[in-house]
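Same order as they appear, the protein sequences are chains A and B.
Quick note on numbering: the first sequence equals residues 0 to 171 in numbering that gives the first Met the number 0.
Quick note on numbering: the second sequence equals residues 0 to 286 in numbering that gives the first Met the number 0.
What follows is a set of notes on a single structure, which appears directly below.
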Amino acid sequence: MKRKIIVILTVIICFLLQSTIFKFLSFASISPNLLIIVTSSFGFMRGKKEGMVIGFFSGLLIDIFYGSVIGLYALLYMYVGYTNGLFRKMFFPEDIKLPMILISASDVICNLFVYFFLFLFRRKFAFDYYLIHIIIPELVYTILVTIFLYFILLKINQKLEMTEKRSTGKFV
Amino acid sequence: MKRKSKFKIPSKYILMFLSAVCGIAIYVSFTMNLSGGPLNTVAGYVFVPMQRGINYVGSFLIDKADNLKNLKSVMAENQELKAQVDALTSELNTIKLEQYELDNLRELLALDQKYPSYEKVAANVISKDTGNWFSVFTIDKGSKDGIETDMNVIAGSGLVGVVTDVGPNYAKVRSIIDDTSKVSGMLTTTSDGCIVHGDLQEMNENQNILFTDLKDSDDKAAVGDPVVTSYISDKYVQGILIGYINTLEVDSNNLTKSGTLTPAVDFEHIQEVLVILDKKDSGETKK
């Protein structure tokens, strides 16, 4: 229960920051993608199921407020969370390489799908332009933010896991 | 109790189920043009107050920082503007006389005023699209303040965009620089129609938007001509300034022209917008 509340709060806070403050702090009209960091991190820290559910709700938020159709981002983020969950066995908290690679890959793949479904289908073929001016800058900015946000999320998760262990220990 | 908690649905079935839900939602909202409905209401009440709060604090701080930075340049500008005011006042007087004459003539012709003054409501921009692909933003007025979808949004004197979705206390606005936006425009000088597209690439590189299909048979269109919304459009009310022609070239078909427009609104720094409450009557019968 406690975990649910804290995870929901994390998603809400990241969504609010991403849609307001980080839009003011954007460089060359590019801002980082915090929700993908949250989805991806909880995916490989907690497994397929939690990543999937968090991704679904983060995507749904984007759909409701900014999407043109309901469900597209929800679907995309859900698969991102689920796929990241497959790497849970390879994940060790001390090692930052795997989280970095996974989060970057998630961000790029997400943007590639957005390009494919929402731009290529409208005959916007200048892929190299979008790659250089949208996808890669967003990737760089997202990685920069990841360095801070990932450790915060890791600490939250470790705290939660500790309290969970303690409370289950009482009954055994 | 214990047994129940041991039974878990494998996550791949949940994934399949949620994918189906998303698929259906995409199909339904795409074909029937439906919006979130109850989802909008819930999300609106949870997020909009918080976004409004953050935005209030954020813009307050940015205002303070900007104030200090701008003081010097504003003082120089002030003197320049004072001189300009004098020049303009004299110009205004002559125009007033002409307007008076025009009014009289219109009255004689029993013409209605060409552009009725629309009823408007002011709103603040509270958040922007989380991604970097589209220019969609939300404002802090919704259906409770009388806003409906397809209402036009302006800032200053220029067109900003159109309301695409409303919740009870917020509305989603797609700006004209958005890559999916298309507006039917018209040159004020020649009354020739054209189509104004938003374009992500052109906007990022030159802060411009594109226009195509300008039928300028008399070859009178020139750089600097203002483009306004035309009478053909079914969503945009007539006569709102979109921007000024920046470049102009003849298409390969030798019949139409295309080029770029400099929008009349500074889209980087929109904070306050006006929503026009009069909708264009598209001729559809109201239910």
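Cβ atoms here follow ideal geometry from the backbone N, Cα and C, with glycine treated the same way.
Computed from a prediction, not measured in an experiment: that's the story for all the values here.
Taking every protein chain shown into account, the CB of LEU60 (chain B) has fewer than 16 other CB atoms within 10 angstroms, so this residue is exposed. Three or more beta-carbon pairs separated by less than 8 Å link the segment 38 to 54 of chain B to the segment 161 to 179 of chain B, which places the two stretches in contact.
Its Cα nearest to that of ASN253 (chain B), the residue B:THR211 stands out among B:ASN245, B:THR211 and B:VAL226. Across the structure, GLU93 (chain A) and SER103 (chain A) are spaced so that their CA atoms are roughly 18 Å apart.
In this structure, the CA atom of VAL68 (chain A) is about 8 Å from the CA atom of ALA24 (chain B). Judged by DSSP in its simplified three-state form, ARG173 (chain B) adopts strand.
With its beta carbon less than 7 Å from one in chain A, THR129 (chain B) belongs to the interface. Counting every other CB atom within 10 Å of its CB across the protein chains shown gives ASN66 (chain B) a total below 16, marking it as exposed. No Cβ-Cβ contact shorter than 7 Å links LEU17 (chain B) with PHE112 (chain A).
According to the DSSP secondary-structure assignment, ASN123 (chain B) is paired through a beta bridge with B:GLU271. At a Cβ-Cβ threshold of 7 Å, SER180 (chain B) and VAL159 (chain B) do not count as neighbours.
Contact of GLY80 (chain A) with chain B is not assigned, every C-beta pair being separated by 7 Å or more.
With 16 or more other CB atoms across the displayed protein chains lying within 10 angstroms of its CB, ARG45 (chain A) is buried.
Assignment of beta-bridge partners to LEU153 (chain A) by DSSP yields no partner.
Per the coordinates, the alpha-carbon of SER116 (chain B) lies some 19 Å from the alpha-carbon of VAL226 (chain B). For LYS219 (chain B), the closest C-alpha among the options B:ILE153, B:ASP191, B:ASN103 and B:GLN98 is that of B:ASP191. Looking at the DSSP output, LYS181 (chain B) bridges to B:HIS196. Distance from the CA of PRO9 (chain B) to the CA of TYR235 (chain B), rounded to the nearest whole angstrom, comes to 50 Å. From the beta-carbon of GLN200 (chain B), the residues of chain A found nearer than 7 Å are ALA125 and TYR128. Within chain B, the residues placing a beta-carbon under 7 Å from that of ALA73 (chain A) are CYS21, ordered along the chain. The three-state reading of DSSP puts ASP212 (chain B) in strand, counting E and B together. Straight across, the Cα-Cα distance linking LYS158 (chain A) with PHE150 (chain A) is about 12 Å. MET89 (chain A) has its alpha-carbon roughly 20 Å from the corresponding atom of LYS11 (chain B). Excluding residues up to 5 positions away in sequence, PRO31, ASN32 and ASP106 lie with their Cβ nearer than 6 Å to the Cβ of THR141 (chain A) in the same chain.
Against chain B, the CB of PHE112 (chain A) has no partner CB under 7 Å away; the residue lies outside that interface. With distances taken between CA atoms, MET202 (chain B) lies nearest to B:LEU260 out of B:GLN78, B:VAL161, B:LEU186 and B:LEU260.
Taking 7 Å as the CB threshold, TYR65 (chain A) lines the interface with chain B. Look at SER142 (chain B): its C-beta is not under 7 Å from any C-beta on chain A. Judged by DSSP in its simplified three-state form, TYR72 (chain A) adopts helix.
For LYS140 (chain B), there is no enclosing alpha helix (DSSP H), as DSSP gives it neither H nor E. Contact between ALA82 (chain B) and ILE269 (chain B) does not hold, since the beta-carbon distance rounds to 29 Å and is not under 8 Å.
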